[in-house]
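Colleague:
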Amino acid sequence: MDTSQYLDIFLDESKEHLQNLSDQIMDLEQNPENMDTVNEIFRAAHSLKGMAGTMGYKRMQTLTHDMENVFSEVRNGTFKVQPGMIDILFRSLDALEEYVDNIQQTTDEGTNDNQDLIDALNSILKNNGEIKPVEKTQGAAKQADTAQQAAGEGADGKQAKWGEIKISDTEKMLVEKAYNEGLKAYGITVYVEEACVLKAARAFLVFKALEKLGEVIVSNPTAQDIEDEKFDLTFSLIFISGNTVDEVRAAVKSVSEIEEVFCDTYELKADAAAGHQEAEHEKAEESAPEQPKPAAAAAPTATPAPAPASAPAAASRPAASKPAGKPVVNRTVRVDIEKLDNLMNLVSELIIAKNSLIAATAAEGKGDNGNAVNEQIEYLESVTTNLHESVMKVRMVPIESVVAKFPRMIRDLSKKLGKKMELYMTGEDTELDRTVVDEIGDPLMHMLRNSADHGLEPNDVRVANGKPEVGSIFLDAYQDGNNVVIEVRDDGAGINVEAVRQKAIERGTVTPEQAETMTDKEIIDLLFLPSFSTAKKVSDVSGRGVGLDVVKSKIESLSGEVEVKNKFGEGSSWIIRLPLTLAIIQALMVVVGDEKYAIALGSIQTIEDVSPEEIKLVQAKEVIHIRGTVIPIIRLNNVLDIPARNEEGQNLTVIIVKKGDKLAGLVVDELIGQQEVVIKSMGKYIKVPKMISGATILGDGEVALILDTNALI
Amino acid sequence: MDEVKVMDEQQRNESLNRHVELDTTQFIVAQLGGEQYGIDIKYISNIIRMSRITRVPKVSDYIVGVINVRGVVIPTISLRLKMGLPEDEITKKTRIIILTLEQHESIGVLVDEVKEVVTLDEEHIERVGYEKDDKERFLSGVGKTEGRLISLLDITSVLADVMES
């Protein structure tokens, strides 16, 4: 069977499962007794195994199978989780990740059997689990799982399991109402054939068949899980219908690849207790979508919200009180990023076309019907602006997908470096453009490693300095106006500015005289130069002198900036500032000489009309005094090599721009006005100076360059 | 903007197929000063008339600026300056040849005039090895057709040089 069309889904879901596993195993390390976590890991490993098997990735399947076995035994209480086990599990996760990476690149899982890991996992089973089912075939293991889920009943038989469905008050009411209306409630348990490849599709057909006869009010697993194929060979549901048992059974049986159907009338009594139990200790995730979601089931491409681990839990609260019949979980569609890029390009084209239209009507002058046209253009403008915003929003994803791997990384670093440390993260739900999120992982990882390796002192030094033994690293993300700020902070030693100064002199980066006059901030900026590392010894983790310069250039390529705040002895914080959007900005169009330039509106503070007398010289540099602030003047024609216009004695138009807490005044010849501009790349054949951040196409088809005022200040 | 689309993919393939057994290459012949240069047609995506060029400050002098070709911003170089010839004189015949070596990466090349398309088979091309520092290192050989000599440009090395500087 050709499964290639499911490859994307397989990859996405595998990654989700792996991340989930990683999180849960981290959790397990902290709370080895937590059975919820063990169950969750078991489930994730099991789904992963099933998916890998379906796709024909045997090695991946074998490894997950052995992991699953271990958890199966932990779950049964045969043995407990031990620290050594966690390491093996993490290594197994790494191996699985490798498989998935290979599959993503070549659609093949590679040839690494990871036999050492498999042996290690099996030896865990042998040493602690006595005569436990290491050698069981996969099928047998599966049956055992099913049996376990059947809450301790006989291991061999298929049976009606709808009795186990826990129903909430809302559903109870629905059942009662049905009986009052003369309808019947049925419990149905469906077994799918073991050979069935698309279980979810079969389940979907079962749901569809049933919906012709009545209403599915609850299912186990939930409709969402069934749709995502997060179930074994069986699922159960409670169903309200006016038809007879036989008709219902026949309807289910009519779906192919269904092995067996158990169906009987559903009595309310038995589950009152179960409902209580659920309130007490049932996991949020299981109780979450305990209502029918025929609509969700009807859309096979719909997937759980981007963060499936947390979303159902969050959704479960309001779900319980809402009337049944409405989808609870956000319905989402996975879209290829290329399609979105395409859409974005079209929106850009539209904006350019709109700008041309404005330019054209302005050139035509105000004709008789000028007003009507202008009105329509304004309307068009608001529509395109909204359209642009919507497309931007679609492209926004939470940074969670990149930062989620960091706790694990810090844990490993902590072991490797022999330092105790803890990572605290906030704002994982902060959203950024997808392309930025994809790129931001490496720089962040670099900075975290830096903090862990150079920032934090060894534990004994910390204690001697009166700090808590365990070092803290913080990763905070938040939105600030049109920027997203990601801050990596540690409570370590901070940067020793003097050491950097010495190093810079030693290396000949600066002369001793220069070093004398440099501020601390300027010294710290030296760290971002290529091949500048102050680490005394080169370690595996960081300190090879590549890193911060790479971080800086990466961030700058994303039109962002890095800033360092440092307090020697108390720690340092690295602040990354990234623009929310990359493609379209509001800009002020100006004229210098006879060339047009765009300046991002976000950086502009004010525009001043300055008479030539107001310009003073301070240290041979031109400045102006505006409302108590001395602001240096930059004459754009000089910077851009444009001959000056001969306008002696005339007032100057000065645009006051801001970078961080610094201001500067840019002298331009004319202002054109505010305009939405689409940022276009200039291609790799041209190395533009830093002060040009890109180009844009004006309404009349002319290309104008966009000035990066940050590079000018 | 007047555009002269050279050939679409299909036509190109057809013409290539016709000559496939002869091992021939098609070149666009461009005039540059007193000499004629041939550019392999497979790199050429478009030839446009002179359009408004936006100067880019602080770049090598042979980069004349950027142009807008159907919504894409494309850097443009002066082949004259790159080849060490006197600066371009813009006339009615001036053309910009758009070269596309890889997807989404194009560059415009300013030439005095575009003459014609010639088909050369391998036996009419004289491959010459040029010294590394020679200004003729951008040539891959000389083609002979109807008694004329055409210097064949090695576009990849021209662009590699542009990328380096």
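Keeping their order, the protein sequence lines are chains A and B.
Once you know that position 543 of the first sequence is 542 in numbering that gives the first Met the number 0, the rest is easy, because the numbers rise by one and skip nothing.
Once you know that position 136 of the second sequence is 135 in numbering that gives the first Met the number 0, the rest is easy, because the numbers rise by one and skip nothing.
By construction, the Cβ of each residue, glycine as well, lies at the ideal position given by its N, Cα and C atoms.
(1) Taking CB distances under 8 Å as the criterion, tell me whether B/Asn67 reaches chain D.
(2) What ranges does the beta strand (DSSP E) occupy inside the region 35-103 of chain B, keeping only unbroken runs of at least 3 residues that lie completely in it?
(3) Under 8 Å by Cβ, that's how I've got A/Lys751 and A/Pro442 pegged, so tell me the actual separation to the nearest angstrom.
(4) At least one CB of chain B closer than 8 Å to the CB of A/Met681: is that the case?
(5) Just the C-alpha distance for A/Asp270 and A/Lys165, rounded to the nearest angstrom, thanks.
(6) Could you pull the DSSP bridge partners for A/Gly186 from this structure?
(7) Assuming A/Gln23 contacts A/Ala43 under a Cβ cut-off of 8 Å, what Cβ separation, rounded to an integer in Å, is found between them?
(8) For A/Glu193, count neighbouring Cβ atoms within 10 angstroms of its own Cβ and tell me buried if that reaches 16, exposed if not.
(9) To which residues does DSSP link A/Met420 through a beta bridge?
(10) Which term fits A/Lys183, buried or exposed, when burial requires 16 or more other beta carbons within 10 angstroms of its beta carbon?
(11) Output the boundary residues of the beta strand (DSSP E) element that contains A/His624.
(12) Pull up the distance between the alpha-carbon of B/Ser77 and that of A/Asp640, whole angstroms please.
(13) Whose CA, out of A/Val402, A/Phe203 and A/Leu120, lies closest to the CA of A/Ser71?
(14) Comparing the C-beta of A/Ala718 with each C-beta of chain B, is any distance below 8 Å?
(15) With distances taken between CB atoms, is the gap from A/Ile583 to A/Ile523 smaller than 8 Å?
(16) Would you call the CB atoms of A/Ile350 and A/Ile376 closer than 8 Å?
(17) Terminal residues of the continuous beta strand (DSSP E) containing A/Leu579?
(18) Report the CB separation of B/Asn67 from A/Ile696 in whole angstroms; it is logged as a contact under 8 Å.
(19) Going along chain A in order, which residues have a C-beta closer than 8 Å to the C-beta of B/Arg51?
(20) Nearest-angstrom Cα distance between A/Asp452 and A/Leu416?
(21) Give me the DSSP bridge partner(s) of A/Thr695.
(22) Which stretch, first to last residue, makes up the beta strand (DSSP E) that contains B/Val28?
(23) Return helix, strand or coil for A/Arg644, following the three-state DSSP convention.
(24) If you measure from the beta carbon of A/Ser694 to each beta carbon in chain B, is any gap under 8 Å?
(25) List, from N- to C-terminal side, the alpha helix (DSSP H) runs of 4 residues or more that fit wholly inside the region 6-60 of chain A.
(26) Cβ closer than 8 Å: which chain B residues qualify as neighbours of A/Glu594?
(27) According to a CB-to-CB cut-off of less than 7 Å, which residues of the region 377-404 of chain A neighbour chain B?
(28) On a CA-only basis, which of A/Val499, A/Lys211, A/Phe206 and A/Tyr265 is nearest A/Ile257? Give me that one, please.
(29) Just tell me which of A/Phe527, A/Leu528, A/Lys551 and A/Ile575 has its CA closest to the CA of A/Leu431.
(30) Taking CB distances under 8 Å as the criterion, tell me whether B/Lys57 reaches chain A.
(31) Residues of chain B with CB under 8 Å from A/Ile729, in chain order?
(32) Could I get the ranges of all uninterrupted beta strand (DSSP E) runs contained in the region 76-127 of chain A, with 3 residues as the minimum, in chain order?
(33) Strictly by DSSP, which residues pair up with B/Ser150?
(34) State buried or exposed for A/Thr605, treating a residue as buried only when at least 16 other CB atoms are found within 10 Å of its CB.
(35) Got a sec: which bits of the region 347-358 of chain A sit with their beta carbon under 7 Å from any beta carbon on chain B, in order along the chain?
(36) Please find out if some non-hydrogen atom of the ligand PLP comes closer than 7 Å to the beta-carbon of A/Ala352.
Modeller: Checking against the coordinates, here is how it stands:
(1) Looking for chain D here will not work: the only protein chains present are A and B.
(2) 43-48, 62-68, 71-77 and 94-101
(3) This structure cannot speak to residue 751 of chain A, because chain A is shown only from 0 to 712.
(4) The residue you call residue 681 of chain A lines up with position 682 of the first sequence. Interface residue, yes.
(5) As a position in the first sequence, residue 270 of chain A is number 271, starting the count at 1. As a position in the first sequence, residue 165 of chain A is number 166, starting the count at 1. Any reading at A/Asp270 must be qualified, since the residue scores a pLDDT of 44, below 50, and its modelled position is unreliable; no value is offered.
(6) Here residue 186 of chain A refers to the residue found at position 187 of the first sequence. Per DSSP, A/Ile237 and A/Asp263.
(7) Reading the first sequence from its first residue, position 24 is the one you call residue 23 of chain A. Reading the first sequence from its first residue, position 44 is the one you call residue 43 of chain A. Between A/Ala43 and A/Gln23 the Cβ distance is about 7 Å, and since that is below 8 Å, they are a contact.
(8) Walking along the first sequence from the start, residue 193 of chain A turns up at place 194. When all chains shown are included, A/Glu193 counts as exposed.
(9) Mapped onto the first sequence, residue 420 of chain A falls at position 421. Looking at the DSSP assignment, A/Met420 forms a beta bridge with A/Gly470.
(10) Against the first sequence, residue 183 of chain A aligns to sequence position 184. Classification of A/Lys183: buried, given that the 10 Å Cβ count is 16 or more.
(11) If you number the first sequence from 1, residue 624 of chain A lands on position 625. Its beta strand (DSSP E) spans residues Lys620 to Ile625.
(12) Residue numbering aside, residue 77 of chain B sits at position 78 when the second sequence is read from its first letter. Residue numbering aside, residue 640 of chain A sits at position 641 when the first sequence is read from its first letter. Near 19 Å, if we compare the C-alpha coordinates of A/Asp640 and B/Ser77.
(13) Sequence index remark: in the first sequence, residue 71 of chain A carries index 72 (1-based). Looking at the Cα atoms, A/Leu120 is the closest of the given residues.
(14) With chain A represented from 0 up to 712, any question about residue 718 of chain A goes unanswered, as that position is not in the structure.
(15) Against the first sequence, residue 583 of chain A aligns to sequence position 584. Against the first sequence, residue 523 of chain A aligns to sequence position 524. In this structure, A/Ile523 does not lie closer than 8 Å to A/Ile583 by Cβ.
(16) Walking along the first sequence from the start, residue 350 of chain A turns up at place 351. Walking along the first sequence from the start, residue 376 of chain A turns up at place 377. Contact flag unset, no.
(17) Numbered from its first residue, the first sequence carries residue 579 of chain A at position 580. Unbroken run through A/Leu579: none, as it is neither H nor E.
(18) Taking the second sequence and counting its residues from 1, one reaches residue 67 of chain B at position 68. Taking the first sequence and counting its residues from 1, one reaches residue 696 of chain A at position 697. Contact holds; Cβ gap of about 5 Å.
(19) Walking along the second sequence from the start, residue 51 of chain B turns up at place 52. By Cβ distance, chain A contributes Gly700, Glu701 and Val702.
(20) To locate residue 452 of chain A, count along the first sequence from 1; it is residue 453. To locate residue 416 of chain A, count along the first sequence from 1; it is residue 417. One C-alpha to the other measures close to 7 Å.
(21) By one-based count along the first sequence, residue 695 of chain A stands at place 696. Paired residue(s): A/Ala703.
(22) By one-based count along the second sequence, residue 28 of chain B stands at place 29. Taken as a continuous stretch (DSSP letters only), the beta strand (DSSP E) holding B/Val28 covers Thr23 to Leu31.
(23) As a working note, residue 644 of chain A is residue 645 in the first sequence. In the structure shown, A/Arg644 sits in coil (DSSP, three-state: anything other than H, G, I, E or B).
(24) As a position in the first sequence, residue 694 of chain A is number 695, starting the count at 1. Residue identity differs from the one stated: residue 694 of chain A is Ala in this sequence, not Ser. It does; some Cβ of chain B falls within 8 Å.
(25) 6-29 and 34-54
(26) The residue labelled residue 594 of chain A in the question sits at position 595 within the first sequence. Result: Thr53 and Arg54.
(27) none
(28) As a first step, residue 257 of chain A is located in the first sequence; it is residue number 258 there, counting from the start. That would be A/Phe206, whose Cα lies nearest to the Cα of A/Ile257.
(29) In the first sequence, counting from the first residue as 1, residue 431 of chain A sits at position 432. Out of A/Phe527, A/Leu528, A/Lys551 and A/Ile575, A/Ile575 has the C-alpha closest to the C-alpha of A/Leu431.
(30) As a position in the second sequence, residue 57 of chain B is number 58, starting the count at 1. So, interface residue.
(31) As shown, chain A starts at 0 and ends at 712. That puts residue 729 of chain A outside it, with no answer to give.
(32) none
(33) Against the second sequence, residue 150 of chain B aligns to sequence position 151. DSSP output for B/Ser150 lists B/Tyr36 and B/Val141 as bridge partner(s).
(34) By one-based count along the first sequence, residue 605 of chain A stands at place 606. Result: exposed.
(35) Glu348 and Ile351
(36) Within the structure as shown, the ligand PLP is missing, as the structure has no ligands at all.
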